[in-house]
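What follows is a single structure, written as structure tokens, with notes after it.
Numbering (the working numbering), first residue to last: 356 to 717.
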């Protein structure tokens, strides 16, 4: 049995910042999770689609491992990442780090980890490994997964070797902090600026503000695309609403609350896909987190209904005041705690992130 000494298994909310925190604290650099996320310019938006996926994936963060690259480069840290298609070599890479007394970060597919109760494939999951024996490995995962956890070596090997969206080839990485690292306080403003620049200068239509606009036009089609909406849409909500492999962090009650609730017998509405017709209220929630109207759903409290009515009025007054907008469009952004919303004339979409964005219709 081999363990790295002086490892603090502080499970956080996000898997990549959890692993980063373990590696950096062992090197003597202790930063909070919000600071890790900010210095890594982690806030973004991605609309990820692939033929093998039942419905696309929406994310409020940069792609896997990008946050780690951003943070280490910004602070002048040494990042050593290794990838291989050989399972034997992959194990030797991580075992060598642990034998040398250093925790190691791993990117893998959480589906194969023994302690995951909800089995969903997500190849962008990140954990920190700090020990192993003949049969098991010892990891640090998010707080909701238990922080310090363990899984079988066979399961870890399958998780690391899995192929598919967002996966890496048995990726492992270590971080070394120099004797005189750059002052992280001096990097806060540049990190925020870089994050905003990347959001506004998205290279493709699936990222940044362009990705939000694309998602606003594509999400209604998910109801027609999904083979089994009652299964596929709640699963998509779990993956996106808490960032990364949300099935690993969302309680079972969240799954029940996100299940679509279709109301038969409602009069059709022009321009709305058949499966999205849940009522005739001005604001119709479509698709991912809850395919139901937020104004009349029995799952919503009186307080949430009131908020829905307020946001619906805000959306209506905005459209009435602005009218047609020529490209480039104007985006009005306000800060909110947990969610951003995208409004167009007849749909509202709620998912993860920390921005509230109003987008006018075409």
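Every residue gets a Cβ at the ideal spot worked out from N, C-alpha and C, and that includes glycine.
| query | Less than 8 Å separating the beta-carbons of residue 548 and residue 557? | reply | By 1-based counting over the chain shown, the position of residue 548 is 193. By 1-based counting over the chain shown, the position of residue 557 is 202. No, these two residues do not count as a Cβ contact at 8 Å.
| Can you name the residues that DSSP bridges to residue 486? | Walking along the chain shown from the start, residue 486 turns up at place 131. 358, 493.
| query | Is DSSP giving residue 576 helix, strand or coil here? | reply | Position 221 of the chain shown, counted from the start, is the residue given in the question as residue 576. In this structure, residue 576 counts as helix in the three-state DSSP scheme.
| task | Give a yes or no on contact between the stretch 371-378 and the stretch 449-467, applying the rule of three or more CB pairs nearer than 8 Å. | result | yes
| Pick from 512, 477, 526: whose alpha carbon is nearest that of residue 590? | Residue numbering aside, residue 590 sits at position 235 when the chain shown is read from its first letter. Comparing Cα positions, the closest option is 477.
| query | Applying the criterion that 16 or more other CB atoms from any shown protein chain within 10 Å of the CB defines a buried residue, is residue 414 buried or exposed? | reply | If you number the chain shown from 1, residue 414 lands on position 59. Residue 414 should be labelled buried.
| In this structure, what does DSSP give as the bridge partners for residue 475? | Within the chain shown, numbered from 1, the residue matching residue 475 stands at position 120. According to DSSP, which records beta bridges pairwise, residue 475 is partnered with nothing at all.
| request: Return the CA-CA distance between residue 523 and residue 430, expressed in angstroms with no decimal places. | output: The residue labelled residue 523 in the question sits at position 168 within the chain shown. The residue labelled residue 430 in the question sits at position 75 within the chain shown. Rounded to whole angstroms, residue 523 to residue 430 spans 24 Å at the Cα level.
| query | What three-state label does DSSP hand residue 431 in the structure shown? | reply | Stepping through the chain shown from its first residue, residue 431 is reached at position 76. Correct three-state label for residue 431: coil.
| Roughly how many angstroms separate the alpha carbons of residue 449 and residue 408, rounded to a whole number? | Here residue 449 refers to the residue found at position 94 of the chain shown. Here residue 408 refers to the residue found at position 53 of the chain shown. Answer to the nearest angstrom: the Cα atoms are 31 Å apart.
| task | Determine the DSSP secondary structure at residue 365, reduced to helix, strand or coil. | result | One-based indexing of the chain shown puts residue 365 at position 10. Here residue 365 sits in coil by DSSP.
| said: For residue 511, which residues in the same chain have their Cβ closer than 6 Å to its Cβ, ignoring the five residues on either side in sequence? | reply: For this step, residue 511 is matched to residue 156 along the chain shown. For residue 511, where only same-chain residues beyond five positions count, the Cβ hits under 6 Å are 492.
| field | Rounded separation between residue 357 and residue 541 - CA only | value | Here residue 357 refers to the residue found at position 2 when the chain shown is read from its first residue. Here residue 541 refers to the residue found at position 186 when the chain shown is read from its first residue. In a straight line, the C-alpha of residue 357 is about 38 Å away from that of residue 541.
| Helix or strand or just coil, what does DSSP make of residue 453? | Reading the chain shown from its first residue, position 98 is the one you call residue 453. Correct three-state label for residue 453: helix.
| What's the C-alpha gap between residue 573 and residue 583? | Start at 1 with the first residue of the chain shown, and residue 573 comes out as number 218. Start at 1 with the first residue of the chain shown, and residue 583 comes out as number 228. Their backbone Cα atoms lie some 18 Å apart in a straight line.
| request: Report buried or exposed for residue 489, applying the criterion of at least 16 other Cβ atoms within 10 angstroms of its Cβ. | output: Within the chain shown, numbered from 1, the residue matching residue 489 stands at position 134. Looking at its Cβ environment, which holds fewer than 16 other Cβ atoms inside 10 Å, residue 489 is exposed.
| request: Leaving out five residues on either side along the sequence, give the residues of the same chain with a beta carbon under 6 Å from the beta carbon of residue 521. | output: Sequence index remark: in the chain shown, residue 521 carries index 166 (1-based). So the qualifying residues of the chain are 419, 478, 479.
| query | How is residue 437 classed by DSSP in three states: helix, strand or coil? | reply | Within the chain shown, the letter at position 82 stands for residue 437. It is a strand residue.
| said: In this structure, how does DSSP classify residue 559 when only helix, strand and coil are distinguished? | reply: Taking the chain shown and counting its residues from 1, one reaches residue 559 at position 204. DSSP places residue 559 in coil when its eight states are reduced to three.
| At which residues does the alpha helix (DSSP H) containing residue 523 begin and terminate? | Position 168 of the chain shown, counting from 1, holds the residue named residue 523. Residue 523 -> no alpha helix (DSSP H), and no H or E assigned at all.
| query | Does DSSP put residue 505 in a helix, a strand or coil? | reply | For the purposes of this step, residue 505 is identified with residue 150 of the chain shown, where counting begins at 1. DSSP places residue 505 in strand when its eight states are reduced to three.
| query | According to DSSP, is residue 391 helix, strand or coil? | reply | The residue you call residue 391 lines up with position 36 of the chain shown. Looking at residue 391 - three-state DSSP - the assignment turns out to be helix.
| said: Our contact map puts residue 405 next to residue 503 with C-beta atoms below 8 Å; I'd like the distance itself, whole angstroms only. | reply: Position 50 of the chain shown, counting from 1, holds the residue named residue 405. Position 148 of the chain shown, counting from 1, holds the residue named residue 503. Actually they are not in contact, since the Cβ atoms of residue 405 and residue 503 sit about 34 Å apart, beyond 8 Å.
| task | Determine the DSSP secondary structure at residue 466, reduced to helix, strand or coil. | result | Residue mapping note: residue 466 aligns to position 111 of the chain shown, counting from 1. Residue 466 falls in the helix class under three-state DSSP.
| Around the Cβ of residue 685, are there at least 16 other Cβ atoms within 10 angstroms (buried) or fewer (exposed)? | The residue given as residue 685 occupies position 330 in the chain shown. Confidence is the limiting factor: at residue 685 the pLDDT is only 36, short of 50, which leaves the residue's position unreliable and the question unanswerable from this model.
| request: Please state whether DSSP places residue 481 in a helix, a strand or coil. | output: As a first step, residue 481 is located in the chain shown; it is residue number 126 there, counting from the start. In the structure shown, residue 481 sits in a strand (DSSP, three-state: E or B).
| query | Relative to the alpha-carbon of residue 436, which residue among 578, 569, 530, 577 has its alpha-carbon at the smallest distance? | reply | Here residue 436 corresponds to residue number 81 of the chain shown, with the count starting at 1. Taking only the C-alpha atoms, the option nearest residue 436 is 530.
| query | residue 563 and residue 399 look like a contact to me (Cβ under 8 Å); what is the Cβ gap, rounded to whole Å? | reply | Start at 1 with the first residue of the chain shown, and residue 563 comes out as number 208. Start at 1 with the first residue of the chain shown, and residue 399 comes out as number 44. That pair is a contact at about 7 Å.
| said: Taking the alpha carbon of residue 545 as the reference point, which residue from 535, 426, 387, 592 has its own alpha carbon closest? | reply: Translated into positions along the chain shown, residue 545 becomes position 190. Of the candidates 535, 426, 387, 592, the one whose C-alpha sits nearest the C-alpha of residue 545 is 426.
| task | Check whether the Cβ atoms of residue 509 and residue 494 lie closer than 8 Å to each other. | result | For the purposes of this step, residue 509 is taken as the residue at position 154 of the chain shown. For the purposes of this step, residue 494 is taken as the residue at position 139 of the chain shown. Not closer than 8 Å, so no.
| field | Spatial neighbours of residue 382 in its chain, beta-carbon cut-off 7 Å, leaving aside the 5 residues before and after | value | On the chain shown, position 27 is the one that residue 382 refers to. Excluding sequence neighbours, residue 382 sits near 530, 531, 532.
| Considering residue 401, what are the terminal residues of the beta strand (DSSP E) in which it resides? | The residue you call residue 401 lines up with position 46 of the chain shown. Run containing residue 401: 398-403, per the beta strand (DSSP E) assignment.
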